[in-house]
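Q:
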Amino acid sequence: MNTVRQKQTVKPNYAFVDAQNLHLGAKEAGLELDYRRFRVYLKEKYRVGKAYLFIGFMPANRDLYEDLQENGFILKFKPVIVPNDGRKPKGDVDADVAFSIMRYYKEYDKAVIVTSDGDFDTVVKYLNKKDKLAAVISPNRAKCSALLKIAAKDKMQYLEDLYGKVSKRKTVQGENEKAPPGD
1 MNTVRQKQTV KPNYAFVDAQ NLHLGAKEAG LELDYRRFRV YLKEKYRVGK
51 AYLFIGFMPA NRDLYEDLQE NGFILKFKPV IVPNDGRKPK GDVDADVAFS
101 IMRYYKEYDK AVIVTSDGDF DTVVKYLNKK DKLAAVISPN RAKCSALLKI
151 AAKDKMQYLE DLYGKVSKRK TVQGENEKAP PGD
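When we follow the UniProt record's numbering, the leftmost residue of the sequence shown carries the number 1, and every step to the right adds one.
#1: Compute the Euclidean distance between the alpha carbons of Lys11 and Gly86, then round it to the nearest angstrom.
#2: Closest to Phe99 by C-alpha separation, out of Asn13, Thr9, Asp18, would be which residue?
#3: Please return the same chain residues whose Cβ sits closer than 6 Å to the Cβ of Leu22, not counting the five positions on each side in sequence.
#4: Run through the DSSP bridge pairs and tell me what Gly49 is partnered with.
#5: Apart from the five residues on each side of it in sequence, which residues of its chain come closer than 8 Å, Cβ to Cβ, to Ile150?
#6: So the candidates are Val124, Leu64, Leu159, Arg141; which of them puts its Cα closest to the Cα of Lys153?
#7: Could you check the C-alpha separation between Asp63 and Glu70 for me, to the nearest Å?
#8: Closer than 7 Å by C-beta to Glu160: which residues in its own chain qualify, once you throw out the five before and the five after it? Chain order, please.
#9: From Tyr65 to Phe57, what does the alpha carbon distance come to, in whole angstroms?
#10: Going residue by residue through the stretch 71-108, where are the continuous alpha helix (DSSP H) segments of at least 4 residues, counting only ones entirely within it?
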């Protein structure tokens, strides 16, 4: 009796990144994030095939968007609302992130979610229950929601703990850096 072995394909993991939460959280934690190194980390540590980065669109940031795409992120844009009362521009992406996590659910093996926001506790609990959560990476331990920590359980990770792996490398004057004008 011949048995035909079916080739079993392993689905890749996907990352879902709240860009503003990542940027502000890293900045507040004193980390200068290197997006290229962060993308490599996601690929090597978590087998992330696709890394969706949800970000508010502002025409002045086109160079940033190109850099992010060149570093391997798939950008999902949200229109930015610029209030007339002096408040900072806002591009709320939380619903888009949660929707995409569920929209692509059957395409990935496990999800990596990058946020500190407690609004994601329900989707994180669900993914954990279904064994579809690889990790939640919080950009800032001090600002991470208690609800998110509870939902992620042992899959919680903090960007500060990855400092040497995902931060920009400091250069010594004369190496990879030009002296300031006039010196």
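For every residue, glycine included, the Cβ atom is placed at its ideal position computed from N, Cα and C.
A: Quick look at the numbers:
#1: Here residue 11 is taken as the residue at index 11 of the sequence shown, counted from 1. Here residue 86 is taken as the residue at index 86 of the sequence shown, counted from 1. Looking at the two C-alpha atoms, the distance is approximately 46 Å.
#2: Taking the first residue of the sequence shown as 1, we reach residue 99 at position 99. Put simply, of Asn13, Thr9, Asp18 the residue whose alpha carbon is nearest the alpha carbon of Phe99 is Asp18.
#3: Along the sequence shown, one-based indexing puts residue 22 at 22. For Leu22, where only same-chain residues beyond five positions count, the Cβ hits under 6 Å are Val114, Pro139.
#4: As a first step, residue 49 is located in the sequence shown; it is residue number 49 there, counting from the start. Looking at the DSSP output, Gly49 sits in no beta bridge, so it has no partner there.
#5: Numbered from its first residue, the sequence shown carries residue 150 at position 150. Around Ile150, the same chain offers Asp121 as residues with beta carbons nearer than 8 Å, after the five sequence neighbours per side are excluded.
#6: Walking along the sequence shown from the start, residue 153 turns up at place 153. When the alpha-carbon of Lys153 is set against those of Val124, Leu64, Leu159, Arg141, the nearest one is in Val124.
#7: The sequence position of residue 63 within the sequence shown is 63, counting from 1. The sequence position of residue 70 within the sequence shown is 70, counting from 1. Using only the alpha carbons, I get a separation of about 11 Å.
#8: Residue 160 sits at position 160 when you count from the first residue of the sequence shown. Correct list, in chain order: Ala29, Leu31, Arg141.
#9: Numbered from its first residue, the sequence shown carries residue 65 at position 65. Numbered from its first residue, the sequence shown carries residue 57 at position 57. Rounded to whole angstroms, Tyr65 to Phe57 spans 9 Å at the Cα level.
#10: Restricted to the stretch 71-108, the alpha helix (DSSP H) segments that are unbroken, complete and at least 4 residues in length are 94-103, listed in chain order.
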